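Sequences listed follow chains W and R, in order.
In our numbering, each residue carries its 1-based index in the first sequence increased by 5.
In our numbering, each residue carries its 1-based index in the second sequence increased by 5.
Protein chains: 2
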Amino acid sequence: MVNLEDYAKSAFTVDNIIFGFDEGELKVLLIKRGVLPYENQWALPGNFVYPNEDLNAAANRVLLELTGLSDVYLEQVRTFGEVNRHPMGRVITVAYFSLVKIQGYELHGTSPLSQKAKWVSIAEATNLAFDHDAILEACLNRLKRRVRMRPVGFELLPRKFTLTELQHLYEAILQPIKKIDKRNFRKKILSMKILVDLDEIQEGVAHRPAKLYKFDKDKYEKFIAEGYIFEL
Amino acid sequence: MVNLEDYAKSAFTVDNIIFGFDEGELKVLLIKRGVLPYENQWALPGNFVYPNEDLNAAANRVLLELTGLSDVYLEQVRTFGEVNRHPMGRVITVAYFSLVKIQGYELHGTSPLSQKAKWVSIAEATNLAFDHDAILEACLNRLKRRVRMRPVGFELLPRKFTLTELQHLYEAILQPIKKIDKRNFRKKILSMKILVDLDEIQEGVAHRPAKLYKFDKDKYEKFIAEGYIFEL
């Protein structure tokens, strides 16, 4: 029988990669660390898991303590366990990701680990603490694949949106791929019949107001049950 | 600054879920455990990660020691960290999965942790040690999604195969969904132009011999680069 004490020497953390979309840009939620190591540096909101805590519970608790966000759907992406990834010892981290509507949340963490939390454009989210640049990149790649195959992009948009807003969201996530062809994009999304035309138009815009749509989860589930596959 | 010793009390394991396809059935590689806990029970091939070992390296080492398999592409699926999942203490496990051609490998592990390794039909791979039933189920679900969206099923087939063999593979993986329509299936796979007609037919079969095909990775990459998406 193995002697568990020979192996029970590792710590593990959770790190949360929360994507949002605002002013045409894909953003990620970062914290400015208030403690060593990497004090005063920007990092993904993450912290240690308690010995008696399940991973998913820890991911939710840590996010709340560091940023004030709660009731966020968190999905595990990958575990990062390089031997020297943490300066203090062997610390394996489980990365979670989520897509949220930025406008729906106020940021007000309570933990001294975080001086403040802030939405940062993906392009500016570099030189992060630990191996967080690599973790963010892995999660961004997951998001790029995911939005093409699942209707998760709608999580980032207001409930009512125009097709142009939807296209801009896809362009922001999928860049630097070539610009999306407007006509094809519209044809594809409408042919799936998972959007509802709300019979309303935009208000207060300078240009000609566009039609508003919403995503219909029931229609999507019917679409999938019939054997079709979402693809954008 | 956090005191790492308060948290550095966990152990890590890797568990490998190796899928193969043989005699029309989807199979998974199991070991019969030679040590406590769960001695003499069937389990996924897994073991502890050394304190100075990267996760991916550990997954490869453990698979070799317990089953004799090497040079297998292992992909991380998910980390399982429920508080009481291991009877000896807090042990988090990182699950890896792979698809291999069964005929390509001999089983001959060297670790006393494994009495023997064996390919077992998915339907019979139940009542496994630890939470391995749940881990296997999660990986099987990943495989079901994956084969529909990526050309990974070919990893499970001989290099030359018939369209009927390919269809049987999909039926074995995707069961219990409704039977795949032969005509649609052939139309879909051929329309992607990622298979090469080898201009050969089966030999030594009782029925009318069918045409043999192989998967062409270059053609697939061209297909993807042009913006198309694999979908079966």
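Each residue gets a CB set at the ideal place from its N, CA and C atoms; glycine is no exception.
It should be emphasised that the depicted structure is a prediction, and the values quoted were computed from it without experimental measurement.
- Identification of chain R residues near W/N57 by a Cβ-Cβ cut-off of 7 Å yields V88, ordered along the chain.
- Between W/F53 and chain R, the shortest Cβ-Cβ separation is below 8 Å.
- Only residues of its own chain outside the window of five on either side were considered, and among them V19, V54 and V99 have a CB closer than 7 Å to the CB of W/L60, listed in chain order.
- Contact annotation: in the stretch 189–202 of chain R, no residue has its CB less than 7 Å from a CB in chain W.
- Along the stretch 81–108 of chain W, the positions whose C-beta sits under 7 Å from a C-beta of chain R are Q81, R83, T84, G86, E87, V88, M93, G94, R95, I97 and V99, read in chain order.
- In this structure, the alpha-carbon of R/T72 lies about 12 Å from that of R/V33.
- Under the 8 Å criterion on CB atoms, R/E236 is classed as interfacial with respect to chain W.
- Cβ-Cβ distances below 7 Å link W/Q81 to V99 and Y101 in the same chain, with the five nearest sequence neighbours on each side left out; the list follows chain order.
- W/A13 carries a coil assignment under DSSP once its states are collapsed to helix, strand and coil.
- Its Cα nearest to that of W/A48, the residue W/L118 stands out among W/L118, W/K149, W/D223 and W/E226.
- Taking 7 Å as the cut-off between beta carbons, the residues of the stretch 8–23 of chain W near chain R are L9, Y12, A13, K14, S15, A16 and F17, in sequence order.
- With contacts defined by Cβ atoms closer than 8 Å, W/I199 and W/D221 form a contacting pair.
- Cα atoms of W/T131 and W/D138: separation of roughly 6 Å, rounded to the nearest angstrom.
- Bounds of the alpha helix (DSSP H) holding W/K222 are K222 to A230.
- W/Y218 is bridged by DSSP to W/F166 and W/D202.
- Cβ proximity to chain R below 8 Å picks out V40, L41 and P42 from the stretch 24–42 of chain W.
- Taken through DSSP and simplified to helix, strand or coil, W/A134 comes out as coil.
- R/S15 is a Cβ neighbour of W/A16, given a cutoff of 8 Å.
- For secondary structure counted as the alpha helix (DSSP H) over 4 or more consecutive residues, the stretch 36–80 of chain R holds these complete runs in sequence order: 60–72.
- The beta-carbon of W/L68 is placed no less than 8 Å from the nearest beta-carbon of chain R.
- The beta carbon of W/L217 does not come within 8 Å of any beta carbon belonging to chain R, so the residue lies off that interface.
- For R/F102, the three-state secondary structure derived from DSSP is strand.
- Taking C-beta separations shorter than 8 Å and ignoring five residues to either side along the sequence, the partners of R/P214 in its chain run I206, Q207 and E208, following chain order.
- Non-local beta-carbon contacts of W/H173 in its own chain, meaning distances under 8 Å to residues more than five positions away in sequence, involve G29 in chain order.
- The three-state reading of DSSP puts R/A122 in strand, counting E and B together.
- Per the coordinates, the alpha-carbon of W/L203 lies some 17 Å from the alpha-carbon of W/S196.
- Around the C-beta of R/N52, 16 or more other C-beta atoms lie within 10 Å, and the residue is accordingly described as buried.
- W/F85 is positioned such that its CB atom lies closer than 8 Å to that of W/D136.
- Close CB contacts of R/D27 within its chain, under the 6 Å cut and outside five residues either way in sequence, are with I107 (chain order).
- Taking a 10 Å sphere around the C-beta of R/I182, we find fewer than 16 other C-beta atoms and assign the residue as exposed.
- Beta-bridge pairing by DSSP links R/E30 to R/D27.
- At a beta-carbon threshold of 9 Å, the residues of chain R lying near W/L60 are T84, F85, G86, E87 and I97, ordered along the chain.
- Cβ contact annotation for W/K224 (same chain, cutoff 7 Å, sequence separation greater than five): K198 and I199, in chain order.
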